[in-house]
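Novice: Residues 412 to 634 (the working numbering) are what the sequence shown spells out, left to right. Glycine included, every Cβ here is placed at the ideal spot set by N, Cα and C. From a predicted model like this one, the values you see are computed outputs, not experimental measurements.
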Amino acid sequence: MAKILVIEDDLDLCGSIRDLLELEGHIAETSHTGIDGQSRMRISKYDVIVIDWNLPLLSGMELAQEFRRNGGMTPILMLTGRSSISDKEQGFGAGVDDYLTKPFEMGELALRVRALLRRPEQFVEEVLKVRNMILDPRSFTIKKNSEEIRLLPKEFALLQFFMRHPNQIFSAEALLERLWHTEKIVSPEAVTACIGRLRKKIESPGEPELIRTIHSVGYRFEP
412 MAKILVIEDD
422 LDLCGSIRDL
432 LELEGHIAET
442 SHTGIDGQSR
452 MRISKYDVIV
462 IDWNLPLLSG
472 MELAQEFRRN
482 GGMTPILMLT
492 GRSSISDKEQ
502 GFGAGVDDYL
512 TKPFEMGELA
522 LRVRALLRRP
532 EQFVEEVLKV
542 RNMILDPRSF
552 TIKKNSEEIR
562 LLPKEFALLQ
572 FFMRHPNQIF
582 SAEALLERLW
592 HTEKIVSPEA
602 VTACIGRLRK
612 KIESPGEPEL
622 IRTIHSVGYR
632 FEP
């Protein structure tokens, strides 16, 4: 399971890419402007970033250049209608790792993403450690005190999301948007139920809470 950011202003195309990536078993976040994409790239860490060249407010090329200047190492796949050698030279010079020229087949995008995820390990999301727990996104395992905890896929995705965003408060609606947005009929109660199951599996009596409920606001993961 990889965490992938898709920055694309064509809402239909962005939704199709997100659905494809989630079918591939990944967590996909989406953004529709360069400014919002820039903010996400600065705050969160991703395994692959998919960027459209022609974005409103801030271009995909500018995003890639700033990201590399600031030391960002995540592989970048650029989506573009431009196919000339000079355009590609400009992109590779800015730090883009691969190109996909529009229009393209979704299957090809999936292949390109898989190839980028096979890059050397320093470019892939690291193992996450909190207290006495270790979560390995590559092997889809979570261990506490060296003993494996069996989680359902949605529980694993929720814990992984919390571990990547410690001490931040997320409402049930925000978690629905991040982790359940491809499901047609779902309510905030699904988040409450999933968090309840997750707490029972990862928290032990006498230990400080890992997932704290902030009354009338949401949930905060406290490592």
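Who does I622 pair with in a DSSP beta bridge?
Specialist: In the sequence shown, counting from the first residue as 1, residue 622 sits at position 211. Answer is F632, bridged to I622.
Novice: Going by beta-carbon coordinates alone, are E566 and R608 separated by less than 8 Å?
Specialist: If you number the sequence shown from 1, residue 566 lands on position 155. If you number the sequence shown from 1, residue 608 lands on position 197. It is a contact, given that the beta carbons lie within the stated cut-off.
Novice: Does DSSP put D420 in a helix, a strand or coil?
Specialist: Residue numbering aside, residue 420 sits at position 9 when the sequence shown is read from its first letter. The answer is coil: DSSP assigns D420 none of H, G, I, E or B.
Novice: On the criterion of 16 or more Cβ atoms from any shown chain inside 10 Å, does Q579 qualify as buried, or is it exposed?
Specialist: Counting from one through the sequence shown, the residue named residue 579 turns up at place 168. By the 10 Å Cβ count, Q579 comes out exposed.
Novice: Quick one: which unbroken alpha helix (DSSP H) runs of 4-plus residues sit fully inside the stretch 536-621? Chain order, please.
Specialist: Segments of the alpha helix (DSSP H) lying fully in the stretch 536-621: 564-575, 583-590, 599-613.
Novice: Quick check on this structure: which residue in L490, G471, L469, G506 has the alpha carbon closest to the alpha carbon of G482?
Specialist: Here residue 482 is taken as the residue at index 71 of the sequence shown, counted from 1. Of the listed residues, the one whose Cα sits closest to G482 is G506.
Novice: Straight-line CA distance for E614 to E473?
Specialist: For the purposes of this step, residue 614 is taken as residue 203 along the sequence shown, with counting starting at 1. For the purposes of this step, residue 473 is taken as residue 62 along the sequence shown, with counting starting at 1. Cα to Cα, the separation comes out at about 44 Å.
Novice: Which term fits H626, buried or exposed, when burial requires 16 or more other beta carbons within 10 angstroms of its beta carbon?
Specialist: Taking the first residue of the sequence shown as position 1, residue 626 is located at position 215. So H626 ends up on the exposed side.
Novice: Rounded to whole angstroms, what is the Cα-Cα separation between Y457 and V524?
Specialist: Working through the sequence shown from its first residue, we reach residue 457 at position 46. Working through the sequence shown from its first residue, we reach residue 524 at position 113. Distance between the alpha carbons of Y457 and V524: 12 Å.
Novice: Considering only heavy atoms of the ligand ATP, does any lie closer than 7 Å to the CB of R608?
Specialist: The ligand ATP is not part of this structure, which contains no ligands at all.
Novice: Quick one, are the C-beta atoms of S468 and L490 less than 8 Å apart?
Specialist: Counting from 1 along the sequence shown, the entry for residue 468 is found at position 57. Counting from 1 along the sequence shown, the entry for residue 490 is found at position 79. Here the sequence assigns Leu to residue 468, which means Ser is not the residue at that position. In this structure, L490 does not lie closer than 8 Å to L468 by Cβ.
Novice: Can you give me the C-alpha to C-alpha distance between L586 and V459, rounded to a whole angstrom?
Specialist: The count along the sequence shown starts at 1 and reaches residue 586 at position 175. The count along the sequence shown starts at 1 and reaches residue 459 at position 48. Approximately 21 Å, taken between the alpha carbons.
Novice: Compare the C-alpha of L570 against each of Q476, E558, K554 and name the closest.
Specialist: As a first step, residue 570 is located in the sequence shown; it is residue number 159 there, counting from the start. Of the listed residues, the one whose Cα sits closest to L570 is K554.
Novice: For the alpha helix (DSSP H) containing S450, name the first residue and the last one.
Specialist: In the sequence shown, the residue the question calls residue 450 occupies position 39. Start and end: 445-454.
Novice: Name the residue from V461, W464, R453 whose alpha carbon lies nearest to the alpha carbon of R480.
Specialist: Counted from its first residue, the sequence shown places residue 480 at position 69. Measuring from the Cα of R480, the nearest candidate turns out to be R453.
Novice: Answer with buried or exposed for A475, where buried requires no fewer than 16 other C-beta atoms within 10 angstroms of its C-beta.
Specialist: Indexing the sequence shown from 1 puts residue 475 at position 64. A475 comes out buried.
Novice: What is the DSSP secondary structure of R429, counted as helix, strand or coil?
Specialist: Counting from 1 along the sequence shown, the entry for residue 429 is found at position 18. Note: R429 maps to helix in three-state DSSP.
Novice: Could you check how far apart the C-beta atoms of I560 and K612 are, in whole angstroms? I think they sit under 8 Å.
Specialist: Residue numbering aside, residue 560 sits at position 149 when the sequence shown is read from its first letter. Residue numbering aside, residue 612 sits at position 201 when the sequence shown is read from its first letter. Correct: roughly 5 Å between the Cβ atoms.
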